[in-house]
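Enquirer: The following block contains the structure, expressed as structure tokens.
Protein chains: 2
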Amino acid sequence: MREVAIIGIGQTRFGELWERSLRDLWAEAALTALDEAKVPRIDAVYVANAASALLGGQQHLGSLLAGHIGLAEVPATHIEAAEASGGAALRQAYIAVAGGMADYVLVGGVEKMTDLESEYQGYIQTTFGDQDFEGFNGITSAALYAMIAQAYLAEYGATREQMAMVAVQAHAHARHNPYAQFTNQIKLETVTRAPALAEPLRMFDAAPNSDGAAAIVLAPADEARKRGLPIVTIAASAQSGDLLALHSRKTLTSFPAAVRAAQAAYKQAGVTCSDISVVELHDAYTIAALLALEDCDFFARGQAGAAVEDGLTAISGRVPMNPSGGLKAQGAPLGAIGIAQVVEITRQLRGTAANQVPNARVGLTHNVGGVGGTAVVHIMKGEQP
Amino acid sequence: MREVAIIGIGQTRFGELWERSLRDLWAEAALTALDEAKVPRIDAVYVANAASALLGGQQHLGSLLAGHIGLAEVPATHIEAAEASGGAALRQAYIAVAGGMADYVLVGGVEKMTDLESEYQGYIQTTFGDQDFEGFNGITSAALYAMIAQAYLAEYGATREQMAMVAVQAHAHARHNPYAQFTNQIKLETVTRAPALAEPLRMFDAAPNSDGAAAIVLAPADEARKRGLPIVTIAASAQSGDLLALHSRKTLTSFPAAVRAAQAAYKQAGVTCSDISVVELHDAYTIAALLALEDCDFFARGQAGAAVEDGLTAISGRVPMNPSGGLKAQGAPLGAIGIAQVVEITRQLRGTAANQVPNARVGLTHNVGGVGGTAVVHIMKGEQP
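Listed in order, the protein sequences are those of chains A and B. Take the first sequence: its letter number 336 is residue 341 in the working numbering, and every next letter is one higher. Take the second sequence: its letter number 236 is residue 241 in the working numbering, and every next letter is one higher.
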């Protein structure tokens, strides 16, 4: 296996970008990453997108989006794994470079959620679960996560306020992020008194619908080192799955796919959770962040809520979580989520993030599709020339 | 790069399978392939599907379908490239095994086109093209291929009857195929007098809507050889793209993406078109088969029609084309097409096909998405123990 480096990153602002189209967003992120990477050619393009078929009536995004940035002839492939599409696409790009099938690879994620048939947003979430047995019977994504939250609060005696603190911290972290959808600051009561989605989850417990794109250029690390510039290497790329329907699982208070992906990633990278300087975790709902912190082994079962409350996941804490603001505040354009997480970790490891964790050396991303049906974990290491 | 072998194949019957669901079809094909492969484990699953988001409101098929056959924990990834989803997914699976990232990989394609919102079939085809500039303005897939046909007939003086012979031959080839949707025999007049789709294309110039699935198990060839059974190796896996919208191209009478993919495949395999014993080409419309025969270099420009008319593409001809019946007669379940092509070539190279080409040694598959936006070509070689 060849070592793989990240040598270019790009990202659009996330938000309700009414004046921007899917291909515009893609082009901005991809061209920014390519401009920074300055590679002699691109051997392959991977596109992460979760719902353009339903949101915009547009499929075949490999061809469309590679062609839109002047790479029409390059093999271009669309990867979909619900909200984990970004992580899954990066993993395929990593496999291509690590295995020696390609040298220079562009991988980008994009979603255009506003402007196009947005009345279907709730329905779209059901297409990421088991439609025949969950969606068809009327259960929504929020309802599934609400059941998880109820079980978690009951099992561990964690509090609703601890859960709400995840959202408060997210907005605090996004404050100076120029790409963030929400930079306004919120209070605990903003979350606990928001309109209900599915009890105990309320509107501010959920990530928003967002437009946006993010992109990365990969290259063999040996090539990248010759440039004499700071690089970030991918020390581990791991993915696992689980039965798609939540009712088929043995536990409600953990995502076993994420546990497996994290353990595999730690093993591949030769690190433990205590070596990680900074993390971007998949906080689709506040409760999801608590599960993620425990699934990745940062805190013991049932302890993540108290850890957030005690500030252990703040920038200055032991496990700096989502310095970008995460899905909750930076935004959650489905297919772009997993790529944007790695873009933020890359900035952190270069020391150029808006909300910089001091001395960040090793970073982890955790990207989940559906209610834990797919989980992808990447570990990155910073390297000075 | 490691050499990669096909050690298991499976396929459902193609057709209007009203009593079968997406996951049922997948399971039948995948379990048949796994049963034959008898591997100690599966390291990765790739799912090819083109339109389940629109046809069945079901995405996240990696998780759903891996879980449905007892492989919930295995990294499972959904690949979409319109009608070339199957070829593109096989290529990702090939990259994983060739690069050493996985040993045993299951790759399957499935589509459930009947029974579920089938009134959208025409719309779905537009999602494979440039929706904003083609579909939005009312142009259908059949209309795009009709323009290609008009240009081809005008440019080369080929005849409408030559084009129709593609469909007649397809039905003749499918006659004894137990998996085929259409085993009835048709006459030239059946095609030329059928109801019009978009002139000069009529109903029998087009592949049908089909339900079905096909699956393949890959392994390192060195591993496979130890079993002492006939194997088929993948001698080349190549993909290229093109500008998605037909109006952006410089030519109407060839798919440059297919030309590039075929040339790259010949180079990788170290063969020329004259070494190929049998081919499965993407005959979405009769005209597409003529382009394919020329794009893959089997006949000079403008000569494919006469070649079909003269029987050169029959089983006993110089370029035995689509012994399965192809998309036209075996059927065209979108995501399964590219996998089913390779399944048929594998049977041919094993010498076990229903419509066997004598002494088939090297086979080629040609899988196209949209109107040439993506093309994937694989070359396989048979090997006796």
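C-beta atoms are modelled at their ideal positions from N, C-alpha and C, and glycine is treated no differently.
Could you check how far apart the C-beta atoms of residue 345 of chain B and residue 352 of chain B are, in whole angstroms? I think they sit under 8 Å.
Expert: The residue you call residue 345 of chain B lines up with position 340 of the second sequence. The residue you call residue 352 of chain B lines up with position 347 of the second sequence. Actually they do not touch by this definition, with Cβ atoms about 11 Å apart.
Enquirer: Taking 8 Å as the threshold, find out whether the segment 83 to 102 of chain A comes into contact with the segment 24 to 37 of chain B through three or more Cβ pairs.
Expert: Because the criterion of three Cβ pairs below 8 Å is not met, the segment 83 to 102 of chain A and the segment 24 to 37 of chain B do not touch.
Enquirer: Between the alpha carbons of residue 324 of chain A and residue 275 of chain B, how many angstroms are there, rounded?
Expert: Counting from 1 along the first sequence, the entry for residue 324 of chain A is found at position 319. Counting from 1 along the second sequence, the entry for residue 275 of chain B is found at position 270. The alpha-carbon atoms of residue 324 of chain A and residue 275 of chain B are separated by roughly 53 Å.
Enquirer: Rounded to whole angstroms, what's the CA-CA distance from residue 129 of chain B to residue 58 of chain B? Just pull it up for me.
Expert: To locate residue 129 of chain B, count along the second sequence from 1; it is residue 124. To locate residue 58 of chain B, count along the second sequence from 1; it is residue 53. Distance between the alpha carbons of residue 129 of chain B and residue 58 of chain B is about 10 Å.
Enquirer: Starting from residue 248 of chain B, find everything on chain A with Cβ-Cβ shorter than 7 Å and list it in chain order.
Expert: Residue mapping note: residue 248 of chain B aligns to position 243 of the second sequence, counting from 1. Neighbours of residue 248 of chain B on chain A, chain order: 72 and 77.
Enquirer: At the 8 Å Cβ level, is residue 69 of chain A part of the contact set with chain B, yes or no?
Expert: Position 64 of the first sequence, counted from the first residue, corresponds to residue 69 of chain A. Closer than 8 Å to some Cβ of chain B, the Cβ of residue 69 of chain A qualifies, so yes.
Enquirer: Between the segment 212 to 229 of chain B and the segment 302 to 316 of chain B, do three or more beta carbon pairs fall short of 8 Å?
Expert: no
Enquirer: Mind checking who residue 200 of chain A pairs with in its DSSP beta bridge?
Expert: Translated into the one-based positions of the first sequence, residue 200 of chain A becomes position 195. Paired residues: none, contrary to the question.
Enquirer: Within 10 angstroms of its Cβ, does residue 6 of chain B collect 16 or more other Cβ (buried), or is it exposed?
Expert: Numbered from 1 along the second sequence, position 1 holds the residue referred to as residue 6 of chain B. Result: exposed.
Enquirer: Could you check the C-alpha separation between residue 260 of chain B and residue 326 of chain A for me, to the nearest Å?
Expert: If you number the second sequence from 1, residue 260 of chain B lands on position 255. If you number the first sequence from 1, residue 326 of chain A lands on position 321. Cα-Cα distance, rounded: 48 Å.
Enquirer: Determine whether the beta carbon atoms of residue 86 of chain B and residue 379 of chain A lie at a separation below 8 Å.
Expert: Position 81 of the second sequence holds residue 86 of chain B. Position 374 of the first sequence holds residue 379 of chain A. No, the pair does not count as a contact, with Cβ atoms beyond the cut-off.
Enquirer: Pull up the distance between the alpha-carbon of residue 209 of chain A and that of residue 203 of chain A, whole angstroms please.
Expert: Taking the first sequence and counting its residues from 1, the one referred to as residue 209 of chain A is at position 204. Taking the first sequence and counting its residues from 1, the one referred to as residue 203 of chain A is at position 198. When rounded, the distance between both Cα atoms is 12 Å.
Enquirer: How would you call residue 252 of chain A, buried or exposed, if buried means at least 16 neighbouring beta carbons within 10 angstroms?
Expert: Taking the first sequence and counting its residues from 1, the one referred to as residue 252 of chain A is at position 247. Burial call: exposed.
Enquirer: Could you give the first and the last residue of the continuous alpha helix (DSSP H) run that contains residue 85 of chain B?
Expert: Position 80 of the second sequence, counting from 1, holds the residue named residue 85 of chain B. Here residue 85 of chain B belongs to no alpha helix (DSSP H); instead the beta strand (DSSP E) covers 81 to 85.
Enquirer: With 9 Å as the limit, tell me which residues of the segment 115 to 142 of chain B have their beta carbon closer than that to any beta carbon of chain D; keep them in chain order.
Expert: Given the protein chain composition of this structure (A and B), no chain D is represented.
Enquirer: Just checking: is the beta-carbon of residue 259 of chain B within a distance shorter than 8 Å of some beta-carbon in chain A?
Expert: As a working mapping, residue 259 of chain B is identified with position 254 in the second sequence. Not closer than 8 Å to any Cβ of chain A, the Cβ of residue 259 of chain B fails to qualify, so no.
Enquirer: Roughly how many whole angstroms lie between the Cα atoms of residue 62 of chain B and residue 50 of chain A?
Expert: Along the second sequence, read from residue 1 onward, the residue named residue 62 of chain B stands at position 57. Along the first sequence, read from residue 1 onward, the residue named residue 50 of chain A stands at position 45. Computed Cα separation, rounded: 27 Å.
Enquirer: By the three-class DSSP mapping on this structure, what secondary structure does residue 225 of chain B have?
Expert: As a position in the second sequence, residue 225 of chain B is number 220, starting the count at 1. Three-state result, residue 225 of chain B: strand.
Enquirer: Please list, in chain order, the residues of the segment 262 to 288 of chain A that have any C-beta partner in chain B closer than 8 Å.
Expert: Within the segment 262 to 288 of chain A, the residues whose Cβ lies closer than 8 Å to some Cβ of chain B are 262 and 265, listed in chain order.
Enquirer: For residue 97 of chain B, which residues in chain A fall below 7 Å Cβ to Cβ?
Expert: On the second sequence, position 92 is the one that residue 97 of chain B refers to. Residues of chain A passing the Cβ test: 82 and 97.
Enquirer: How about residue 54 of chain A and residue 115 of chain A: are their beta carbons less than 8 Å apart?
Expert: Looking up residue 54 of chain A in the first sequence gives position 49. Looking up residue 115 of chain A in the first sequence gives position 110. Cβ atoms of residue 54 of chain A and residue 115 of chain A: closer than 8 Å.
Enquirer: Cβ of residue 342 of chain B less than 8 Å from any chain A Cβ?
Expert: As a position in the second sequence, residue 342 of chain B is number 337, starting the count at 1. False, the Cβ-Cβ gap to chain A never drops below 8 Å.
Enquirer: Note the first and the last residue of the continuous beta strand (DSSP E) segment covering residue 238 of chain B.
Expert: As a first step, residue 238 of chain B is located in the second sequence; it is residue number 233 there, counting from the start. Element bounds for residue 238 of chain B: 236 to 246.
Enquirer: So which residues of chain B does residue 24 of chain A contact, with C-beta pairs closer than 7 Å?
Expert: Working through the first sequence from its first residue, we reach residue 24 of chain A at position 19. The contacting residues do not exist; residue 24 of chain A stays about 15 Å from chain B at best.
Enquirer: Exposed or buried, what is residue 328 of chain A when buried is set at 16 or more other beta-carbons lying within 10 Å of its beta-carbon?
Expert: Here residue 328 of chain A corresponds to residue number 323 of the first sequence, with the count starting at 1. By the neighbour-count rule (16 or more Cβ atoms within 10 Å), residue 328 of chain A is buried.
Enquirer: Interface residues of chain B around residue 6 of chain A at Cβ under 7 Å?
Expert: As a first step, residue 6 of chain A is located in the first sequence; it is residue number 1 there, counting from the start. Neighbours of residue 6 of chain A on chain B, chain order: 105.
Enquirer: From which residue to which residue does the beta strand (DSSP E) around residue 168 of chain B run?
Expert: As a first step, residue 168 of chain B must be located in the second sequence, where it is residue number 163. It is not in any beta strand (DSSP E) - residue 168 of chain B instead sits in the alpha helix (DSSP H) that spans 165 to 179.
Enquirer: Can you list, in chain order, the residues of its chain with a C-beta nearer than 6 Å to that of residue 132 of chain B? Leave out the 5 residues immediately preceding and following it.
Expert: As a working mapping, residue 132 of chain B is identified with position 127 in the second sequence. Here the set comprises nothing.
Enquirer: Please report the straight-line C-alpha distance between residue 140 of chain B and residue 35 of chain B, rounded to a whole angstrom.
Expert: Here residue 140 of chain B is taken as the residue at index 135 of the second sequence, counted from 1. Here residue 35 of chain B is taken as the residue at index 30 of the second sequence, counted from 1. The alpha-carbon atoms of residue 140 of chain B and residue 35 of chain B are separated by roughly 34 Å.
Enquirer: List, in order along the chain, the chain A residues whose C-beta lies closer than 7 Å to that of residue 85 of chain B?
Expert: By one-based count along the second sequence, residue 85 of chain B stands at place 80. Against chain A, the beta carbon of residue 85 of chain B has neighbours under 7 Å at 64, 83 and 85, listed in chain order.
Enquirer: DSSP state of residue 380 of chain B, grouped into three classes?
Expert: For the purposes of this step, residue 380 of chain B is taken as residue 375 along the second sequence, with counting starting at 1. Residue 380 of chain B: strand per DSSP, three-state reduction.
Enquirer: Within 10 angstroms of its Cβ, does residue 181 of chain B collect 16 or more other Cβ (buried), or is it exposed?
Expert: Taking the first residue of the second sequence as 1, we reach residue 181 of chain B at position 176. With fewer than 16 Cβ atoms within 10 Å of its Cβ, residue 181 of chain B is classed as exposed.
Enquirer: For residue 244 of chain B, would you say it is in contact with chain A, using Cβ-to-Cβ distances shorter than 8 Å as the test?
Expert: For this step, residue 244 of chain B is matched to residue 239 along the second sequence. Interface annotation, residue 244 of chain B: in contact with chain A, CB-CB separation under 8 Å.
Enquirer: When you compare only the Cα positions, how much space is there between residue 190 of chain A and residue 176 of chain A?
Expert: Position 185 of the first sequence, counted from the start, is the residue given in the question as residue 190 of chain A. Position 171 of the first sequence, counted from the start, is the residue given in the question as residue 176 of chain A. Approximately 6 Å, taken between the alpha carbons.
Enquirer: Does the CB of residue 100 of chain A have a neighbour CB from chain B at under 8 Å?
Expert: Mapped onto the first sequence, residue 100 of chain A falls at position 95. Output row for residue 100 of chain A: interface = yes.
Enquirer: Would you kindly check if the distance between the Cβ of residue 23 of chain B and the Cβ of residue 119 of chain B is under 8 Å?
Expert: Counting from one through the second sequence, the residue named residue 119 of chain B turns up at place 114. Counting from one through the second sequence, the residue named residue 23 of chain B turns up at place 18. Yes, these two residues count as a Cβ contact at 8 Å.
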